[in-house]
Ligand SMILES: Cc1ncc(COP(=O)(O)O)c(C=O)c1O
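See the structure below:
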C-alpha cells in the first residue's frame, strides 16, 4: 500500500474537491456584475471550486497535521532562532482595535498603535545601541536592502559615489550579497581565517576608496564571536566605509552587548527570530533597521515621532505623557520601502515579548540561549566533528565530513534520520565554508531534557550510520512521504494545478 | 520569561560546558562592552501585559469610527474558520518548508495558493508571495529589467502613490529611471501618452493598476496593447484590491505578462498596515526570473505525489549576488490565510463579495452625489471606490467628518496637488446602509458651512 493511501492526514488538492453551488453563504450578493459594469470589463469565468465549510476545515486541519512546527517538537534550525512563540503575543495582536485599525486612520485616532511602535523603537534603540530604528522593513533581507540604500544615499550626498563595494565575509548569509546587488553595489567576499573569523589583515588589504559597507554578523554564522570587531570597525571607518550589522544572530548578545558599542553604523533585527514572532511557515517577518546618529536623516518614511502632550498626567508612564505622529517629511529619506507603515501586528508581538522580560529578562534569555548551545556542542562533539571547537554563542556548527568519508552518510542523511525521530533537522550545508555542515541552534526555550533527548537521538543515528549505513540512507521512513525527487521537480516544473490535465 | 531552566539545570550544564558562570559565556572584549544601562519598558507579568495592550487598544479611537477608508487596504468580512485553521500551531510555528518530508501540508497549501493566483489572474506561474503590493511592483520591474536589459521603467500616475513611491526607492537603488504616464480628466491612464512613451522601445516595463487608485477600471485598449507588445515593453498589471479579480477581466486577457498586487483583501486584517501579502504571477517565459519561493509538485522515492520548494537556483541562498531577488522570509502565513479564505468562499462566495462591493459603492456614490456641493469627479466604470469633489479643501471636510465620528476617506491632495478638493471614498460589503446615511447627514452639515478661504 502506498503511504498516501494509508495516511488519514492526506487531503487531495482543494481544486479536485467540491461542487459548484456547494459553498456557504458568507455575505449577501449584490446581484449580477453586469448590472454594474460594462460587459467588456468583466471576466468570462471564475474557475474556482465551491466547497462546504466542513470540507475546507478538514482539508486544512489535515494539511496542518502534515506540517512540523515548534509546537510539535524541537526545532534546532541554525540561524533561524526557532524559540517558543508565546500565545499572549498573538492574543494582543488580535485585540480588535489593533487588528482592525486601518492604516489611513488619522494619527490622532491611532495613538495607541503609534505608541506601540514608538515604545518598541525606543526599546530597540537602547538594547542595541542605535540612535533610531525604522520599523518599516518586512524582514531581514528587506532591512538589508533599506540599509544599503541609506548607505548609497549617504555616500552620494558626501560626493563619494565611487564607494561602490560591499564587503561580506564568506560566512555571510545569501541575502547580504543579494541585497548589495539590488542597490547596485559590487560584492567582495572575504575569506575567513583559521579561527572562523574575519581576518583583520585580509580586510585591511581590500579596504580602500571604493569601500562602501562592510556587512557582518556577530556572532557570525559559525556561532563565533568576532573578537576583533573593535579593530575591524576602526579599520573600516578609517577607510571611510560604514559597518553593517546583520542582526539575525542577535539572540546571542541581546542585553549583554550592543552592536552600537561595537562600532556598527547600521543594523537590522529579525524580530521573527529574536523576538518570538511566529515564522508562520516562511513569513511574515519584521525587520527593523537601526542607524547611528549620522544616518538618522536617511531613514525610510514614515517615521514615528513623539512629543510631550500638554496637560498629561505627570504620574502616568513616560510614553503615556506623549503624543505621536507619523512623520513623512524627512528631506533626506531614502523614501518608503513598503505599502504601509510596518508589519504592525508583529510590532505588537515583539513589544509584548519585551514587556514579558524587561532588560534583565532579555539579557538572561541570551545567556541561556548561549548555555543551551554550548551544552549541545560539548555533548555532540563526543560523536561528531565540531571544526571550530571553542565556546560558541547561540549556535554551533558540526560537520559530517569524517562520517561521510567513513560511512557514506552525509549531513543530509543525518537530517532526514532526525525527522524520523520527531525532531526538526538543523540547518545543513550552511555556512558554506564548512563541508557537510550541520548548524545547530537550540534557543533558550528548550529544556535540558529536550536537549538530552536530541543528543541521544543524534548519537544513535551516528552509531547506526557506522553499523548499518543503509538504514540512515533510506531515511526518512516514518514521515508522510519519503525523500523527494527534487531533480524532477526542477527539470519538469509543475508549479500549479490545471483544470484539465496539461496536454504538453 | 519562557525559559525552563532550573538553577540546578544551569549549574549542571555550566559544569558540562566547563565554565563557571553564565556571564563567562557571553563576555565580550572590554573595548566593545555594554556602555550604559539599558532603558527598556518595565517587565510585566502576563496579566499586566494584557492590561497594557488593552490600554493601547483603547487609544485607537478610530478603530470604532464609521469608515470609508480604502486606498490599498480594505475591510472585508472574514469567516471565523480562517483564524481557527490558520492559527493552528503546526502552521504558525513552522519555518520555511526546507525539510519537505515534514512540511507536506504547508507546501501543498502554498501550491494551492500559487494555483489560486494563476486562476484569478489568468497567468501561468505564481510565487509563494513577496512582502506586499508595493514591493511586488518593484520586483516585477526588476524582472522586466532582467528580461530586456532596459534601464528605464514606466508607471501610470493612477497607480497607488505609495506603490509608486516605493518603486522610486527601489529604482534609485538600481540606478533605473522611472517615468510616469499622466492621468486623463476621466481618472484613467492617458493611453495616447502611453503609446507615445513606449514607442521608443526604451522602457523595460509599463505598469497600470486596475481598478486604479481612484477606483476606476483602467486597462490598455487594443491600440495600447499592441503598442506595448510591439515595443518589447513588459506589461505589468497591478491589483491593489484583490476582490476585484473575481469579476474583472483577467490581467492576462489584456496582455499583462506580469500581474502583481496586494492580497490583503483575502481574509488578512487591516492591522494598521501589515503584515499583508504581495502576490506575483507571470507567463512561462518569465518563470526563471520570478523572485521568491516556488513550490513544485514531484514524487517521493516510493512514487507518491509530493511537494517541494523548487527552482531554487534563482534564489539568494544559492545564487547570492546574482539571485533574481534578495527575498528570503516572505509572507507565507498571510498566503495561507488567503488560501483558506478563497477555499471557504469559493467561486460563489467570492462573486457574492465582489458584487456586494459593486452595489454598496454605487449606493455610496449615489448618496454623496445627491448632496449639494458634492460631485463625482469621474464617470469611468469603477469597482468599490469613488472620487468625490467636495469643492473645497478635502482635508478640512475630512476633519469635520472626523468630529462627527466618521472617517470619510482619503484626501487626494496629499498625493495629487491638483486634486486638493477630492476625497477618495470606499465602500465594501461591510459598509452598511446606515453608514452611508450617516455620512450623507454629516456631509450635509459640514458642507453647509461656508468654506474658509
Ligand atoms: C544570518 C542571516 N542573515 C539574514 C537573513 C535574512 O533574513 P530574512 O529571512 O528575515 O529576510 C537570515 C535569515 O534566514 C539569516 O539567517
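Residue numbers (the working numbering), protein chains in the order written: chain R, 898 to 1401; chain V, 196 to 648. Every residue gets a Cβ at the ideal spot worked out from N, C-alpha and C, and that includes glycine. If you're wondering where the values come from, they're calculated on a predicted model, not measured in any experiment.
So which of the options has the shortest CA-CA distance to residue i?
{"i": "residue 469/V", "options": "1164/R, 1180/R, 1172/R", "result": "1180/R"}
{"i": "residue 938/R", "options": "473/V, 513/V, 414/V", "result": "414/V"}
{"i": "residue 641/V", "options": "594/V, 608/V, 605/V", "result": "594/V"}
{"i": "residue 1225/R", "options": "1216/R, 1202/R, 1219/R", "result": "1202/R"}
{"i": "residue 1186/R", "options": "932/R, 1038/R, 933/R", "result": "1038/R"}
{"i": "residue 479/V", "options": "456/V, 319/V, 500/V, 350/V", "result": "319/V"}
{"i": "residue 375/V", "options": "360/V, 581/V, 316/V", "result": "360/V"}
{"i": "residue 581/V", "options": "591/V, 622/V, 598/V, 610/V", "result": "622/V"}
{"i": "residue 1281/R", "options": "1306/R, 1106/R, 1257/R", "result": "1306/R"}
{"i": "residue 1333/R", "options": "1360/R, 1322/R, 1361/R, 1299/R", "result": "1299/R"}
{"i": "residue 395/V", "options": "424/V, 632/V, 201/V, 585/V", "result": "424/V"}
{"i": "residue 364/V", "options": "1070/R, 1043/R, 1068/R, 1284/R", "result": "1043/R"}
{"i": "residue 1343/R", "options": "957/R, 1058/R, 1113/R, 982/R", "result": "982/R"}
{"i": "residue 487/V", "options": "513/V, 322/V, 288/V", "result": "322/V"}
{"i": "residue 220/V", "options": "1346/R, 1353/R, 1349/R, 1266/R", "result": "1266/R"}
{"i": "residue 960/R", "options": "624/V, 563/V, 502/V", "result": "502/V"}
{"i": "residue 270/V", "options": "210/V, 213/V, 435/V", "result": "435/V"}
{"i": "residue 987/R", "options": "1393/R, 1264/R, 1245/R", "result": "1245/R"}
{"i": "residue 1388/R", "options": "521/V, 367/V, 507/V", "result": "507/V"}
{"i": "residue 1284/R", "options": "943/R, 1297/R, 1200/R, 1253/R", "result": "1297/R"}
{"i": "residue 1170/R", "options": "1394/R, 1007/R, 973/R", "result": "973/R"}
{"i": "residue 1176/R", "options": "301/V, 643/V, 218/V", "result": "301/V"}
{"i": "residue 1164/R", "options": "1034/R, 1251/R, 920/R, 944/R", "result": "1034/R"}
Specify the secondary structure class of residue i as computed by DSSP and reduced to three states.
{"i": "residue 1255/R", "result": "helix"}
{"i": "residue 1383/R", "result": "helix"}
{"i": "residue 611/V", "result": "coil"}
{"i": "residue 1199/R", "result": "coil"}
{"i": "residue 1401/R", "result": "Any reading at residue 1401/R needs caution, since the residue's pLDDT is 41, under 50, leaving its predicted position unreliable; the model's value is listed next. In this structure, residue 1401/R counts as coil in the three-state DSSP scheme."}
{"i": "residue 898/R", "result": "Legend: pLDDT at residue 898/R = 43, less than 50; position of this residue unreliable, value from coordinates given subsequently. Coil."}
{"i": "residue 1346/R", "result": "helix"}
{"i": "residue 525/V", "result": "strand"}
{"i": "residue 301/V", "result": "helix"}
{"i": "residue 980/R", "result": "coil"}
{"i": "residue 1080/R", "result": "coil"}
{"i": "residue 985/R", "result": "helix"}
{"i": "residue 384/V", "result": "strand"}
{"i": "residue 436/V", "result": "coil"}
{"i": "residue 196/V", "result": "coil"}
{"i": "residue 1180/R", "result": "strand"}
{"i": "residue 215/V", "result": "coil"}
{"i": "residue 426/V", "result": "coil"}
{"i": "residue 1264/R", "result": "helix"}
Pull the bridge partners of residue i from the DSSP assignment, please.
{"i": "residue 569/V", "result": "Answer is none; residue 569/V lacks a bridge partner."}
{"i": "residue 1165/R", "result": "1143/R, 1186/R"}
{"i": "residue 1108/R", "result": "1062/R"}
{"i": "residue 606/V", "result": "618/V"}
{"i": "residue 929/R", "result": "DSSP lists no partner for residue 929/R."}
{"i": "residue 501/V", "result": "493/V"}
{"i": "residue 1293/R", "result": "1337/R"}
{"i": "residue 1119/R", "result": "In the DSSP output, where bridge partners are listed per residue, residue 1119/R has none listed."}
Does ligand 3 have even one heavy atom less than 8 Å from the beta-carbon of residue i?
{"i": "residue 1118/R", "result": "Absent from the structure shown: ligand 3. Ligands present: ligand 1."}
Between the stretch 408–433 of chain V and chain R, which residues of the former have a C-beta closer than 9 Å to a C-beta of the latter?
412, 414
With 7 Å as the C-beta to C-beta threshold (strictly closer), list the residues of the stretch 1042–1059 of chain R near chain V in chain order.
1042, 1046, 1049
Report the residues of the stretch 240–256 of chain V with a CB closer than 9 Å to any CB of chain R, ordered along the chain.
240, 241, 243, 244, 245, 247, 248, 249, 250, 251, 252, 253, 254, 255, 256
May I ask you to list, following chain order, the residues of the stretch 1306–1317 of chain R that have a beta carbon less than 8 Å from some beta carbon of chain V?
1312, 1313, 1316
Note down, in chain order, all residues in the stretch 612–643 of chain V with a beta-carbon under 8 Å from any beta-carbon belonging to chain R.
624
Taking only beta carbons into account, state which residues of the stretch 1005–1018 of chain R come closer than 7 Å to chain V, listed in chain order.
1006, 1007, 1008, 1009, 1010, 1012, 1013, 1016
Residues within the stretch 1022–1039 of chain R neighbouring chain V, beta-carbon criterion of under 8 Å
1023, 1024, 1026, 1035, 1036, 1037, 1038, 1039
Residues in the stretch 1377–1390 of chain R having any Cβ partner in chain V nearer than 9 Å:
1377, 1378, 1379, 1380, 1381, 1382, 1383, 1384, 1385, 1386, 1387, 1389, 1390
Using a Cβ-Cβ cut-off of less than 8 Å, give me the residues of the stretch 201–218 of chain V that come near chain R, in sequence order.
204, 205, 207, 208, 209, 211, 212, 213, 214, 217, 218
Residues from the stretch 939–950 of chain R in contact with chain V, defined by Cβ distance under 7 Å
939, 940, 943, 944, 945, 946, 947, 948, 950
Please name the residues in the stretch 492–512 of chain V whose beta-carbon is closer than 9 Å to at least one beta-carbon of chain R, in chain order.
492, 493, 494, 495, 496, 497, 498, 499, 500, 501, 502, 503, 504, 505, 506, 507, 508, 510, 511, 512
If contact means a Cβ-Cβ distance below 7 Å, which residues of the stretch 376–388 of chain V contact chain R?
none
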